[in-house]
Amino acid sequence: MIDPEKRAKDLLRSAVCQCLLKALPTKIGRLKLGQVVKNRLDQQLAQSFPNTGIKIALYPLGSPAKHICVQVWGEPIAYEDRIDFLCDPAFWVQDMRRGLQQSDPIDVTEREDLEETLRAQLTELDRIAGEARAAAMGLILDLPIPASATVRNKPEVWARASPMLRAEFPLLFAKFEGCEP
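In this text, residue positions in the sequence shown follow this note's numbering: the first is 81, and each later residue adds one.
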């Protein structure tokens, strides 16, 4: 089930990324990634998201700056949910465009929506697979302890499939997240 709070955060994050992508200059001339660009992007954010505290921050990394850390956050985007990526000052427009595109979760959101349509079918398949794993485990548990067992003459030693069967039938005997055959 899709978490509505996460979905709202993802949609806001996507809208912010799209807003900033539109505000990026197409021709930069000698425009460097600095206060002029920051002001332009902050203005775009303020127009698109009035009454919020969303801002862009630029932090030079190294001296002289070899990279610039770009962070976008502010009410209602919590610091831990910030948009965060690095730009090379020489190629900042390309790097910023790529960073914003990678930070935009709209494709993941779309995929989650598509996967949600499969929920009923997957629930049924999961039920069938669980029954098959339980039946396979039942067959193993029904086997007697080998007559030749001496040191390993305990039921818990023989309560799982042999490595040979686990390798040959991994879907029946392998351990999966949330499922212990």
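The beta-carbon is built from N, C-alpha and C at its ideal position, and this holds for glycine as well. Bear in mind that the values here come from a model prediction, so they are computed numbers and not experimental data.
query: GLU85 by DSSP, collapsed to three states: which one?
result: Translated into positions along the sequence shown, residue 85 becomes position 5. Helix, per DSSP.
task: Taking only the alpha-carbon atoms, compute the straight-line gap between PRO261 and ASP206 and give it to the nearest angstrom.
output: The count along the sequence shown starts at 1 and reaches residue 261 at position 181. The count along the sequence shown starts at 1 and reaches residue 206 at position 126. Residue confidence for PRO261 is low, a pLDDT of 46 falling below 50, so the modelled location carries little weight; the figure read from the coordinates is stated next. If I take the Cα positions, the gap works out to 13 angstroms.
query: Where do the ends of the alpha helix (DSSP H) carrying ASP293 lie?
result: The requested residue 293 does not occur in the structure, where the chain is confined to residues 81 to 261.
task: Using the Cα positions of ALA158 and SER183, report the straight-line distance between them to the nearest angstrom.
output: Counting from 1 along the sequence shown, the entry for residue 158 is found at position 78. Counting from 1 along the sequence shown, the entry for residue 183 is found at position 103. Distance between ALA158 and SER183, taken at the CA atoms: about 15 angstroms.
query: Is it buried or exposed for GLU196, if we count other Cβ within 10 angstroms and need 16 for buried?
result: Within the sequence shown, the letter at position 116 stands for residue 196. Exposed, because fewer than 16 other Cβ atoms sit within 10 Å of the Cβ of GLU196.
- prompt: How many whole angstroms separate the CB atoms of ILE225 and PRO235, which I take to be in contact at a CB cut-off of 8 angstroms?
  reply: On the sequence shown, position 145 is the one that residue 225 refers to. On the sequence shown, position 155 is the one that residue 235 refers to. Contact flag correct, Cβ pair sits at about 7 angstroms.
message: Taking 6 angstroms as the limit between beta carbons, can you name the residues of its chain near ILE186, skipping five residues before and five after?
response: For the purposes of this step, residue 186 is taken as the residue at position 106 of the sequence shown. Closer than 6 angstroms at the Cβ level, and outside the excluded window around ILE186, lie SER94.
- request: Compare the C-beta of GLN123 against all C-beta atoms of chain B and say whether one is closer than 7 angstroms.
  value: Absent from the structure: chain B. Only one protein chain is present.
- prompt: Would you report the Cα separation of ARG246 and PHE171, rounded to the nearest angstrom?
  reply: For the purposes of this step, residue 246 is taken as residue 166 along the sequence shown, with counting starting at 1. For the purposes of this step, residue 171 is taken as residue 91 along the sequence shown, with counting starting at 1. Distance between the alpha carbons of ARG246 and PHE171: 52 angstroms.
task: May I ask you to report which of helix, strand or coil DSSP gives VAL150?
output: Along the sequence shown, read from residue 1 onward, the residue named residue 150 stands at position 70. Correct three-state label for VAL150: strand.
task: Take THR203 and list the residues in its own chain whose beta-carbon comes closer than 7 angstroms to its own, dropping the five residues that flank it on each side.
output: The residue labelled residue 203 in the question sits at position 123 within the sequence shown. For THR203, same chain residues with a beta-carbon under 7 angstroms away, outside a window of 5 residues either side, do not exist.
Backbone CA spacing between LEU91 and LEU180 [nearest angstrom]: Here residue 91 corresponds to residue number 11 of the sequence shown, with the count starting at 1. Here residue 180 corresponds to residue number 100 of the sequence shown, with the count starting at 1. Whole-angstrom Cα-Cα distance: 14 angstroms.
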